[in-house]
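Engineer:
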Amino acid sequence: MERNDAVMPWVAIVCAAIMWIILLFLFNKETAPEPVVVDPAVVANISKEVPTVGKSVYEANCAGCHGLQGQGGAGPALAANEDITKDPVYVHSTIVKGKGSMPAFGDQLKENEIYAVANYVLNSWGNRIEEPLTPATVAAGQAKVDPEVLKNRSRFVPDHIQLPEIFLATFVMVLLTYGLIGLYSVWTEGVELHPGIHKVRSSPMAMLAMITTLALTLLFSVLFVRQMVTDYAGWGAAEQVTPNVSAEGFYAAMILLLLALATGLYKKFFMDGEVLVEDASGEFPW
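All residue numbers for the sequence shown refer to our numbering, where the first residue is 73 and numbers rise by one.
#1: Over the uninterrupted alpha helix (DSSP H) stretch that includes P315, give me the two end residues.
#2: Taking the CB atoms as reference points, tell me whether V122 and N184 lie closer together than 8 Å.
#3: Which residue's Cα is closest to the Cα of Y187: I167, M277, N316?
#4: What whole-angstrom Cβ distance do V115 and V189 have, given they're in contact under 8 Å?
#5: Taking Cβ to Cβ, would you say W197 is nearer than 8 Å to A146?
#6: Alpha carbons only, please: which of A88, F296, Y162 is nearest the one belonging to F322?
#7: D179 to E131, Cα distance in whole Å?
#8: Should E261 be labelled buried (16 or more other beta-carbon atoms within 10 Å of its own) or exposed?
#9: Would you mind sorting Q141 into buried or exposed? The rule is 16 or more other CB atoms within 10 Å of its CB.
#10: Leaving aside the five residues before and after Y250 along the sequence, list all residues of the same chain whose C-beta is less than 6 Å from its C-beta, in chain order.
#11: Going by beta carbon distance, what residues of the same chain come within less than 7 Å of L286, once the five residues before and after it are set aside?
#12: So, for Y304: in the same chain, excluding its five sequence neighbours on each side, which residues have a beta-carbon less than 6 Å away from its beta-carbon?
#13: When you compare only the Cα positions, how much space is there between E237 and F292?
#14: Under 7 Å Cβ to Cβ from T284, same chain only, skipping five residues before and after it: list those, please.
#15: Cα separation between S119 and L96?
#16: Using CA atoms only, rank isn't needed, just tell me which of T206, W92, M80, T209 is closest to M245.
#17: Would you mind giving the Cβ-Cβ distance between E337 and M282, rounded to the nearest angstrom? I have them listed as a contact below 8 Å.
#18: What are the partner residues of K171, as DSSP defines its beta bridges?
#19: On a Cα-Cα basis, can you pick out the residue from A324, K340, E154, L252 that is closest to S274?
#20: Can you list, in chain order, the residues of its chain whose CB lies under 7 Å from that of L331, leaving out five sequence neighbours each side?
#21: Using the beta-carbon count (16 or more within 10 Å), is L194 buried or exposed?
#22: With distances taken from CA atoms, which of H138, A211, P148 is nearest H164?
#23: For chain B, find out if any of its Cβ atoms is closer than 8 Å to the Cβ of Q299; answer yes or no.
#24: Just to confirm the assignment, what range does the alpha helix (DSSP H) spanning F342 have?
#25: Going by the beta-carbon positions, is the gap between L247 and C87 smaller than 8 Å?
#26: So, at 8 Å on beta carbons, what are the nonlocal neighbours of F342 in its own chain, with the 5 sequence-adjacent residues on each side left out?
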């Protein structure tokens, strides 16, 4: 008897793909950087205010953690720091939004004070940038993905995730699980069902596929353990390194998928099966 539900797993996977596209659209919209309004008056005053306003704002708000000469303390050292001179826009973003234990100053400082202190940091204690940081520079940088956005996307559960994203993500996982298990069932049990015991004999190709799958499982297991050790060491270092959650998730997913494939290969080519009844009218393919 031919199964009448063999097409349903594909329907579930297609629906999951459509919902995944909608989820990515919503998530990218949520994490998109806000546009910056360019004020010509601010640009004209930036260079003039750096040695006065910038210095006073730094000494009043930043020196307590970063040191009067940018030598560091409770906060990281800013003196001769190539990381901040390579990405001045990130300095502006950190001042406005905060980072880690550093509070956000976007609501406490005026716009001209933010640019003044940013340029003061970027041009003091051995730091030097060719052009001053201006709203135009920040606006141009909005075309790039903010490092904080990338870090947010790399987390297992992103910050500020809302109910629509949770609902769609749950539905995607349910439909994918349904579809994959259904495809696995159709593949291992066949499209046609006949009562009786079904003897199987493994072929050389099936044996090779099983050995390859198990070898890849071992390889990704080693990579996963090594990545975990590296991330743990970086997390405990003096300068904390953000764990590479994407790599960890990829290796873990590959381990699970390969184990599932090995199970399917075993059931398909190495294990005898038995069909008790000629009935394929169930709603679920398994």
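In this text, a Cβ means the ideal position worked out from N, Cα and C, and glycines have one as well.
Structural biologist: Let me lay it out:
#1: That residue, P315, is in no alpha helix (DSSP H); it is neither H nor E in DSSP.
#2: no
#3: I167
#4: 16 Å between Cβ atoms; not a contact.
#5: no
#6: Among A88, F296, Y162, the Cα nearest to that of F322 is on F296.
#7: 18 Å
#8: buried
#9: That one is exposed.
#10: A84
#11: A334
#12: none
#13: If you draw a straight line from the Cα of E237 to the Cα of F292, it is about 30 Å long.
#14: none
#15: 41 Å
#16: W92
#17: Reading off the sequence shown, one finds Leu at residue 337, where the question assumed Glu. Contact between L337 and M282 holds, since their C-beta atoms are separated by about 5 Å, short of 8 Å.
#18: DSSP output for K171 lists M174 as bridge partner(s).
#19: Looking only at A324, K340, E154, L252, the smallest Cα-Cα distance to S274 is reached by K340.
#20: T289
#21: A residue is called buried when at least 16 other Cβ atoms come within 10 angstroms of its Cβ; L194 meets this threshold and is buried.
#22: A211
#23: Absent from the structure: chain B. Only one protein chain is present.
#24: Here F342 belongs to no alpha helix (DSSP H), and DSSP marks it neither H nor E.
#25: yes
#26: Shown here for F342: same chain residues with a beta carbon closer than 8 Å to its own, the five before and five after excluded, namely V272, S274, A278, M282 in chain order.
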